[in-house]
Amino acid sequence: MRKRENEISSKGSSPESGFTIIEVLVSLAMFLIITGAIFGVMQVAQQGRAAVNEQVPLNKNARVALNLLGRDALNVGFGYPLKNTVVLPDNRITTLLGIPIDVDTTRDTVPPIISGNNITESTFNTTAGVFTDQVTFLFKDTTFNLVPYNGNQLSSPLNISAATTVDGIDEVVPISGGTNIDCRVNDIFLITGNTGSTLGVATGLGTNTVQFSNLDILDLNLTGSTGPLRGITTPASMQRVRMVTYHVTPDGTLMRREYANSSSTDPFVDDPLVFGVENFQIEYVMDDGTISVDPSAGPDQIAGTPDDTEANLAAIRQIRFTLTVRTTESSATGLFNRVTMTSTFGTRNLGYDPS
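All residue numbers for the sequence shown refer to my numbering, where the first residue is 13 and numbers rise by one.
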């Protein structure tokens, strides 16, 4: 009887039991599945974090650019005549800005805002054949000829005589106690009188005189009796103006270009604002509520044709900028990270004549 019990006890006990090969393989497979899932989640999280890290500077750069655009859009037309026509020799301003020239040979008018629709082809855009817009603003330089006013300093036009021509150079003289002390060579001046206005680039300073000769750095001047400056009659005045163009280079850099008004002999200075600009589009909200991509192009919306109407540019009441910025390198999935922002700004100085 004791022997039988010992046999049963020996058969029922297993002091060193282990996993079978099947159990090990199943456990290993489960471990690999769970590890792979965790790795996939981590990879997605890393990609999301990388996308966010790329998105932040794109958003920041786009906002900075739009803020600068908005500042100049609000200033456009300040101190610039809306009722008096500002004239220049034919195609001087269009050649300078690289926009389509008109079909006539008469003098051109220069409004305070100049549109440029589909001017530059974007080689940075992943879609071929995309053209970016540009826009030019003109407004009063508030640092010129400061005079005391109610305890502050206020920029005031400088009263001048009618222009005379000596040895092929047009010359004006400040009057009524004014001096040319605030005038500089290569400054852009708006000269206004009884018979209208014109723009001129100062090429020299005499003894309390300001001189305008041909072949200035912007090629705007045309001297002599047939030139626009000689056509300005007294009472007349001159005021320094700022001329700024926003455009995108083919390789995707949004530039703020300011013309002349410096000691440099370069016609303009480009200030890069944003890199990686894929597209830059501008729409104009008119005083009648309609929206145009090129107000001066006339009914056919093609610049450089007989129906162009520059006067429409003075009827702009809002400007809508749309800026698309992308990364220069694609992600692991082969896609680019993009940001598109749109901002609308009012042209407060175009609704009335502040001059």
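Note that CB positions come from ideal geometry on N, CA and C, so glycine has one too.
According to the DSSP assignment, LEU211 belongs to no alpha helix (DSSP H) but to the beta strand (DSSP E) extending over 208–213. Non-local beta-carbon contacts of ALA327 in its own chain, meaning distances under 6 angstroms to residues more than five positions away in sequence, involve MET298, ASP299 in chain order.
The three-state secondary structure of ASN71, taken from DSSP, is helix. If you draw a straight line from the Cα of PRO240 to the Cα of ASP102, it comes to about 11 angstroms.
By DSSP's assignment, PRO160 forms a beta bridge with GLN165. The C-alpha of SER173 lies about 28 angstroms from the C-alpha of SER276. C-alpha of GLY180 to C-alpha of PRO123: approximately 28 angstroms in a straight line.
Here ARG83 is exposed: its Cβ has fewer than 16 other Cβ atoms, across all protein chains shown, within 10 Å. Remark: C-beta atoms of LEU362 and ARG332 do not approach each other more closely than 8 angstroms. When secondary structure is reduced to three states using DSSP, LEU80 falls in the helix class. With contacts defined by Cβ atoms closer than 8 angstroms, VAL256 and PHE90 do not form a contacting pair. In the three-state DSSP reduction, GLU341 falls in the coil class, being neither helix nor strand.
The region 70–82 and the region 103–111 do not touch, with fewer than 3 CB-CB distances between them shorter than 8 angstroms.
In this structure, GLY288 places its C-beta atom within 8 angstroms of the C-beta atom of THR339. When the Cα atoms are used, ASN206 and PHE357 turn out to be separated by approximately 33 angstroms.
Of the other Cβ atoms in all chains shown, fewer than 16 fall within 10 Å of the Cβ of VAL76; this residue is therefore exposed.
In this chain, LEU232 is not harboured by any alpha helix (DSSP H), its DSSP state being neither H nor E.
Excluding sequence positions up to five before and after THR221, its CB lies within less than 6 angstroms of the CB of GLU183, VAL185, all in the same chain and listed in chain order.
Sequence-distant partners of GLU322 (beyond 5 residues in either direction) whose C-beta falls short of 7 angstroms from its own C-beta, in its chain, are THR121, PRO123, SER308. As computed with DSSP, ILE294 is found in a beta bridge with PHE333. In this structure, the alpha-carbon of LEU80 lies about 13 angstroms from that of HIS259. In chain order, ILE229, LEU230 place their CB closer than 6 angstroms to the CB of PRO279, counting only its own chain and leaving out the 5 sequence neighbours on each side. Taking the C-beta atoms as reference points, PHE156 is found nearer than 8 angstroms to SER167. Counting of Cβ neighbours within 10 angstroms places ILE33 among the exposed residues, the total staying below 16. Residue environment: MET42 is assigned as exposed (fewer than 16 neighbouring CB atoms within 10 Å of its CB, all protein chains considered). In the structure shown, LEU94 falls within a coil segment according to DSSP collapsed to helix, strand and coil. Going by DSSP, ILE131 is part of the beta strand (DSSP E) stretching over 125–133. Excluding its 5 nearest sequence neighbours in each direction, THR265 has C-beta neighbours in its own chain below 6 angstroms: PRO284, PHE287, listed in chain order. Comparing alpha-carbon positions, the option among GLN165, GLY190, SER237, VAL305 lying closest to VAL178 turns out to be SER237. Cβ-Cβ distances below 7 angstroms link TYR271 to ILE200, LEU230, MET255, PRO279, PHE280 in the same chain, with the five nearest sequence neighbours on each side left out; the list follows chain order.
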